[in-house]
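Protein chains in written order, with UniProt numbering: chain A, 1 to 192; chain B, 1 to 192. Working notes, structure below.
There are 2 protein chains.
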Amino acid sequence: MAKTLTESRRTRYTRSVLQDTMVELLREKSMPHITVSELCSQADVNRSTFYAHYDGLEDLLHDVEGEAIDHVSAAFDDLLSQSDPTDAETAIRRICAYIADNRSHLQVLMSSRADLDFQRRLMGLLYQHDDEIMQLQPASNDPNENRLRLQFAIHGAIGLIQYWLDTGLEASPEQVAQTIIDMSMPKQHAGL
Amino acid sequence: MAKTLTESRRTRYTRSVLQDTMVELLREKSMPHITVSELCSQADVNRSTFYAHYDGLEDLLHDVEGEAIDHVSAAFDDLLSQSDPTDAETAIRRICAYIADNRSHLQVLMSSRADLDFQRRLMGLLYQHDDEIMQLQPASNDPNENRLRLQFAIHGAIGLIQYWLDTGLEASPEQVAQTIIDMSMPKQHAGL
DNA sequence: TTGCGAAACCGACAATGTGTTGGTTTACTA
DNA sequence: TAGTAAACCAACACATTGTCGGTTTCGCAA
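Below is the structure:
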């Protein structure tokens, strides 16, 4: 959120309408094809009012994403605190279950219609827990190698989840979780 | 390319200037912040002329990507025909070497400044060779599981390469290739 | 080499979207 | 219930977009 406006019932309602409309529009078309005018008209909010709240469409989207990120982050911390800190596998399974439960918003934000910002921020979240992910892999003597593997694992996991959401969650959460776990553990090799 | 125009020295030149300018601009700013006007001014090409060749900026970008895809695809087929068809690992190593050699264009097209189209088309290319990739993995009885693993592997590989390009190719091609190979082979598990 | 035709240039057009502003109306809240 | 902040409204200057009809330039082929 860019513009700071007093927090009241009315402002909260207006913001929420704008946010919801943004998500609705993102179900139909991709970001660059959405205009402020059309959003306001569909949200039944005056265009001036929109600019009183946000700098532009990206700003609004960022706000929507932020809210989702907060939810995910909270769920994350929650799940990780519950499970044995050494048990990364359980955490992954729970995360997949969480995604399945909250598909509606995530489906839109993870799709290619929105920014890449959400994916980026999600990756940032995963980086904060990189030690748990590393745990799935055999420690390498070369720290660079670990970084490359982490990249592969995070992109792979997010890509897989995106595919999962795009295909209407055909696969079960357990199946997805297991795939992530299996694939995050590389085949051992003799080294270069 | 949308508009069909006779192939002549002049048209080829104009197209190439427009394409090059697009890539230049993409080095500075992302797609939605580029305008037709600015592109034409920088390319020193009349705006009408631009519209004689392309429907819009996306169209032009698509053209640029198409050319790159053609190159990559050709290199792909070339590499695969040279190497033992059962030897996927060698092919991956050669692909990484190819990327390192042609970094300049790929660096831009793979970045988040451009479309996601290029990534998508690149994935499509990989799908055509899914059997080679599958080869790296233990066959599963469940075809769905194979699909999920393929998703993970492809997204992981592309994400890793993107990271590699973004960080100015710090790692060596061999290192990247080896990481892809290692990570595409999942840890065995007892099944669900 | 020259001349024809296609392509590039030029200026202008309506249409659409963007931010911003000053003034009015509505509704929460103290 | 009165005051204030937020929402509405109308209008603005500005930029960009596609699309014209007309002119100039260039290159290929006779």
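We treat Cβ as the ideally placed atom computed from N, Cα and C, and that holds for glycine. The model shown is predicted, which means the values in this text are computed figures rather than measured ones.
Buried versus exposed, by CB contacts within 10 Å (16 or more), residue i
i, result
"Tyr-163(A)", "buried"
"Asp-84(A)", "exposed"
"Tyr-54(B)", "buried"
"Ala-171(A)", "buried"
"residue 219(B)", "In this structure chain B extends from 1 to 192, so residue 219(B) is not present and cannot be described."
"Asp-182(A)", "buried"
"Glu-24(A)", "exposed"
"Gly-156(B)", "buried"
"Leu-82(A)", "In the sequence as presented, Leu is not what sits at residue 82(A); that position holds Gln. That one is exposed."
"His-33(A)", "exposed"
"Ala-2(A)", "exposed"
"Asp-131(A)", "exposed"
"Ser-48(A)", "exposed"
"Ala-52(A)", "exposed"
"Asp-115(A)", "buried"
"Ser-184(A)", "buried"
"Ala-43(B)", "buried"
"Leu-192(A)", "Low per-residue confidence applies at Leu-192(A): pLDDT is 45, beneath 50, and the placement is therefore not dependable, though the value from the model is reported in the following sentence. Its Cβ having fewer than 16 others within 10 Å, Leu-192(A) is exposed."
"Thr-4(A)", "exposed"
"Gly-159(A)", "buried"
Simplified DSSP state of residue i, which is helix, strand or coil
i, result
"Thr-21(A)", "helix"
"Asp-130(A)", "helix"
"Gln-135(A)", "coil"
"Gly-124(B)", "helix"
"Met-183(A)", "helix"
"Glu-170(A)", "coil"
"Asn-146(B)", "helix"
"Leu-165(A)", "helix"
"Leu-160(B)", "helix"
"Ala-177(A)", "helix"
"Ala-2(B)", "coil"
"Gly-191(B)", "Confidence in Gly-191(B) is poor, its pLDDT being 47 and thus under 50, which makes the residue's placement unreliable; the coordinate value appears in the next sentence. The answer is coil: DSSP assigns Gly-191(B) none of H, G, I, E or B."
Neighbour list for residue i in chain B, Cβ cutoff strictly below 8 Å
i, result
"Ala-153(A)", "Gly-156, Met-183"
"Thr-179(A)", "Glu-145, Leu-148, Arg-149, Phe-152, Pro-186"
Chain B residues whose Cβ lies nearer than 7 Å to that of residue i
i, result
"Tyr-163(A)", "Gln-151"
"Val-108(A)", "Those do not exist, as Val-108(A) stays about 15 Å from chain B at its closest Cβ, beyond 7 Å."
"Ala-171(A)", "Asn-144, Leu-148"
"Leu-160(A)", "Leu-148, Gln-151, Phe-152, His-155"
Proximal residues of chain A, C-beta to C-beta of residue i below 9 Å
i, result
"Pro-32(B)", "Met-31, Pro-32, Glu-58"
Residues that residue i contacts on chain A, provided the C-beta gap is smaller than 7 Å
i, result
"Thr-90(B)", "Under the 7 Å cutoff, chain A gives no residues; its nearest Cβ is about 15 Å from Thr-90(B)."
"Leu-116(B)", "Ser-112"
Within chain B, partners of residue i - CB distance below 9 Å
i, result
"Gln-175(A)", "Asp-142, Asn-144, Glu-145, Leu-148, Leu-192"
"Ser-111(A)", "Those do not exist, as Ser-111(A) stays about 10 Å from chain B at its closest Cβ, beyond 9 Å."
Practice item. At 4 residues or longer, and completely inside the stretch 76–118 of chain B: list those alpha helix (DSSP H) runs for me, N to C. Key: Every unbroken stretch of the alpha helix (DSSP H) spanning 4 or more residues and falling wholly within the stretch 76–118 of chain B is given here in chain order: 88–101, 103–110.
**Study point:** Within the UniProt domain "HTH tetR-type" (12–72) of chain B, ranges of the alpha helix (DSSP H) (whole runs, at least 4 residues)
**Key:** 36–43, 47–53
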